[in-house]
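Line by line, the protein sequences give chains A and R. Residue numbering for the first sequence follows the working numbering, beginning at 4 and increasing consecutively. Residue numbering for the second sequence follows the working numbering, beginning at 15 and increasing consecutively. We put the CB at the ideal spot given by N, CA and C, even for glycine. Heads up, the thing below is written out as structure tokens.
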Amino acid sequence: MTTTSASRREITFVVNGQPETVRVYPMERLLDVLRQNLKLTGTKEGCGEGECGACSVFIDGVLALSCLIPVAQAEGATITTIEGVVADPRFRALPEAFLEGGAAQCGICTPGMIMAAVHLLEKNPQPAMNEIREGLAGNLCRCTGYLQIMEAVAESARRSASA
Amino acid sequence: MEAFEYARPASSREAVKMLASGNAEVLAGGSDLLQRMKDSVSTPGRLVSLRDARDLRGIEYSPAKGLRIGAMVTLEELAAQPDAHRHYRAVAQAAEKAASPQIRHVGTVGGNLCQRPRCWYYRNGFGLLAMQDGNSLIPNGENQYHAILGNSGPAYFVSPSNLAPALIAFDAKVRLLSASGSREIPLADLYVTPHSESDSEFSLKPGEIVAEVLVPPSEGSSAFYEVRQKANFDWPLATAAVALRMNGHTVKSARVVMGQVAPVPWRSPEAEQALAGKTIGADVADNAGKAAVEKATPLSRNAYKVTLARVAVKRAVLRAGVMEVA
Ligand SMILES: Cc1cc2nc3c(=O)[nH]c(=O)nc-3n(C[C@H](O)[C@H](O)[C@H](O)COP(=O)(O)OP(=O)(O)OC[C@H]3O[C@@H](n4cnc5c(N)ncnc54)[C@H](O)[C@@H]3O)c2cc1C
Ligand code: FES
Ligand code: FES
């Protein structure tokens, strides 16, 4: 997105536990700032319109779409991206279950799917299939047909329960 | 995107002062506005973020006063509120089914009520009425998602909010705030049909914001029903909110309000009359649905929406009725 002339300013937030300050235009998309300024390219752009969920991140613990969030609205916030989630031992079972279950093909949707799944499992550690479906309702996948993804989330929940 | 200033005041009072001059626009969650700015459909000179205006947050319920919802409450917070579920089921259902979990976490009640139409002519820079040489392009154009009621022209877009019909079914009011003071109006009166490209689809005065929604006490049962192409996360094609006041097993009075069918949330006195004095059952619900679309005037490509709106009303009536029996 090009911002023509509103001036850049410093915005500070915490990303994956690390304090960060960026010089940006206030209405730049958080998605672009994460990917371009902070080189956190795990967060993907699918549609750029709020429809696909590939750009999902946590902002102050809340699952949100970084393509619809002006960076200035995240000033002072605590942000977790997919890079932060995969580095967290608590969530190890999820990416493993995705890999083993063939839940990722091209992989564009995978980071967002994992973010939505983390959000779901934090609220509801043993979700039923229809709850998994609802929890992932904001995330589109053009490759897998979803069954492998839902099964991977269920499998990860089973493993966490027996761990 | 055009040049603009950005401000994040700490209260609603400060915010409305900043909105009093210039080409200023309110920013709540940004889930609608950022997209429009990116596409240069909206080009505000100044953005005033309500994010830090704590006084616009919070939901409170009391049996005597009803429900008060701050404009900055998110759709998710509203959907999770137990009193909303218990006493205003249609409202909770409208919130919990709107958009996706991610959007509900960020999108606010004020932003949902004041979001701009999704009409693709409007979103692609043709203007809200899509006028060309004195005529709207819509009646003979790509109008499959456009209005089937209240569409005598030149406005053919549909009111997009899930919450508005549900709240109007309960006679909700909104408190509006501006630098020159505050006023209360029925939520239904917030919406107006524009007659020219310079008219707004809201009755807000320049610099005025929605501060809170006030829903009077309600004893009846209610329901919201959406017809969508997909089971989850898809813009509804037609919605209906029904609120019933019962007298034993018969309907004392009903409110029926449809969404996605007209430029404003569309109240149907015809359907309300079809329900008054009746016991809810399949035939009564069916008649209410028929009555609701009796006056529909579909455009060249959206006659199918008449059927969907009829079904939405019928199913919302049945849902509301079942609750009463249970
Ligand atoms: C993919 C997608 C699917 C969606 N599906 C649905 C759906 O099924 N049903 C549905 O109802 N909605 C749906 N939405 C819309 C969504 O609910 C809105 O984008 C959201 O509620 C807007 O809230 P916000 O706080 O982000 O608003 P913002 O984007 O911040 O603001 C929206 C508009 O309202 C104005 N505004 C905001 N707050 C106030 C206030 N307090 N007073 C006066 N004006 C104000 C702003 O100036 C702006 O013009 C969908 C959106 C997307 C992107
Ligand atoms: S890129 Fe954000 S929802 Fe698709
Ligand atoms: S794996 Fe390709 S979009 Fe999901």
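Residue burial annotation: Asp147 (chain R) is exposed, with fewer than 16 other C-beta atoms found within 10 angstroms of its C-beta.
Counting along the chain, the unbroken alpha helix (DSSP H) around Asn126 (chain R) starts and ends at Val123 to Cys128.
Contact annotation: in the stretch 43 to 55 of chain A, residues whose CB is within less than 7 Å of a CB in chain R are Glu52 and Gly53.
Annotated three-state conformation of Glu28 (chain R) is helix, per DSSP. With a threshold of 8 Å between beta carbons, Gln21 (chain A) makes no contact with chain R. Ile152 (chain R) and Gly124 (chain R) have their alpha carbons spaced roughly 29 Å apart.
Listed as beta-bridge partners of Asn149 (chain R) by DSSP are R:Gln146. Between ligand 3 and the CB of Arg145 (chain A), the shortest heavy atom gap is smaller than 7 Å. His119 (chain R) belongs to the set of residues whose beta carbon lies under 8 Å from a beta carbon in chain A.
Shown in chain order are the members of the stretch 32 to 64 of chain R whose Cβ falls below 9 Å from a Cβ of chain A: Leu41, Gly43, Gly44, Ser45, Asp46, Leu47, Leu48, Gln49, Met51, Lys52, Leu61 and Ser63.
Listed by position along chain A, the residues whose Cβ is nearer than 7 Å to that of Pro174 (chain R) form an empty set, because the closest Cβ is around 13 Å away. In the DSSP assignment, Glu125 (chain A) falls within the alpha helix (DSSP H) that extends over Thr113 to Lys126.
When DSSP reads this structure, Val188 (chain R) sits in a beta bridge with R:Ile199 and R:Val227.
Taking every protein chain shown into account, the CB of Pro92 (chain A) has fewer than 16 other CB atoms within 10 angstroms, so this residue is exposed. Close partners of Arg38 (chain A) in chain R (Cβ separation under 7 Å) are lacking, with about 16 Å as the shortest Cβ gap. Between ligand 3 and Thr15 (chain A), a heavy atom-to-CB distance of less than 7 Å is absent.
Judged by DSSP in its simplified three-state form, Asn261 (chain R) adopts strand. Proximity of the stretch 321 to 336 of chain R to the stretch 235 to 255 of chain R meets the contact definition, three or more beta-carbon pairs being nearer than 8 Å.
If you ignore the 5 residues before and after Lys292 (chain R), its C-beta comes within less than 7 Å of the C-beta of Thr264, Val265 and Val298, all in its own chain and listed in chain order. Interface criterion not met: the Cβ of Ser159 (chain A) is under 8 Å from no Cβ in chain R.
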